[in-house]
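The numbering of the sequence shown is full-length UniProt numbering, which starts it at 1 and goes up by one.
Don't be surprised by glycine CBs; every beta carbon is placed ideally from N, CA and C.
Quick caveat: nothing in here was measured; it's all calculated off a predicted structure.
What follows is a set of notes on a single structure, which appears directly below.
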Amino acid sequence: MVVSLRALAAEVIRVTLAVGSQGKLGGQAHVPDVEGVCLNWSAKLTDQVRSIAKVTTAAAKSDLTQKVEIEVEGEMLTLKKTVNSMVGQLGAFASQVPRVALEVGTQDILGGQAHVEGAQGTWTDLTGNVNISGFIEMASNLTDQVRSILDVKKAVARGDLSKVITVDIQGEMLDLKVIVNPMVSRLSTLANEVTRVSLEVGTEGILRGQAYIPDVQGTWKVLTDNVSLMAMNLTNQVRSIAEVTKAVAAGNLTKKIEVDVHGEIMELKETVNGMTESSSHFAAEVTRVAGEVGTEGKFGGQARITNVGGTWKVGTDWFGRYVTSLANGGSGSYGSSTL
């Protein structure tokens, strides 16, 4: 018996040294003619450690489907529960990330958040702070950024140019913010300038107004230049017409509208120029006949004005009868027709 105990002690020391110090699992104590549970503990410990190692190795390789299934007790049971819980938390979190990624990135469902049941400690921090590789935080930030951009776009579509992107963003989204906000600002400036110039020219009668938008380029510059050109052309046209009508009112019938015009302004130009020409012709004929009668003593002269109508014709006819009456020694009725 003493020999057997001595052999058993030596084997136990050898196996515990191999398992506990050298990490060599699977070692067995071999004592001839000795039976009992004392020889099975190494095999059980080996199975337990290898089962836990299998699950943790699988988790390290991204296989989160494995669990520790072996029957254990005591502290090994605690370790089993801990490892299984850890793998379960990893699995739950890993399933949440693709779900939120799909919602945000593919289905355009914004505001998605990861939910992990029973999360504690760091898992709670990871879920609550949405910071697994910054992904969930990115999803939340992206939600705010996209919604802010959409708010501005909708406002612009409604004609509200007071909105700008105010959310704090970085990277390429910051580039978009830097592009959109100046665009809205320039649209607002352009609208204000067009309104100002239109009000000045069309309502207040302040001519030669010009639209001014600093640092404008491309289509914005073309649009600004067109507004300014419109105001300048209208100014030139109105001033030219005003100059001719003032000259006519002052008795100067030599002026004509020379500015290049189109459309209804062309019709106005032709009308005013025709009116001036008729007035000039009428004045010239009246002057000629009056000179013949009053200075040269030639009676019977008639004013010759072609293509005349309306008041011009009445005036011409009246003057012709007046001259005829003078030629007849003042007899006849010329006063029945009035201008």
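Short Cβ contact (8 Å threshold) for residue i with residue j
i	j	result
Arg196	Met232	no
Gly193	Tyr212	Reading the sequence as shown, one finds Glu at residue 193 and not Gly. In contact: Glu193 and Tyr212 (Cβ atoms closer than 8 Å).
Val152	Lys163	yes
Leu174	Ile149	no
Leu64	Val83	no
Val244	Lys255	yes
Leu187	Leu161	yes
Val72	Gln48	yes
Ser240	Glu258	yes
Glu75	Ser51	no
Asn181	Ile165	yes
Val227	Val184	no
Per-residue DSSP class, three states only, for residue i
i	result
Asn252	coil
Leu64	coil
His281	helix
Ile179	helix
Val149	It should be pointed out that residue 149 corresponds to Ile in this sequence rather than to Val. If DSSP states are grouped into helix, strand and coil, Ile149 belongs with the helices.
Gly74	helix
Asp225	helix
Gln217	coil
Glu264	helix
Val49	helix
Thr189	helix
Thr57	helix
Residue i, buried or exposed, once every other Cβ within 10 Å from all chains shown has been counted against 16
i	result
Lys269	buried
Ile179	exposed
Lys80	buried
Ser95	exposed
Glu264	exposed
Glu285	buried
Thr287	exposed
Asn131	Legend: pLDDT at Asn131 = 44, less than 50; position of this residue unreliable, no value from coordinates given.
Thr57	exposed
Thr219	exposed
Thr203	exposed
Thr276	buried
Self-check item: At least three beta-carbon pairs within less than 8 Å, the region 216-230 to the region 250-257
Solution: no
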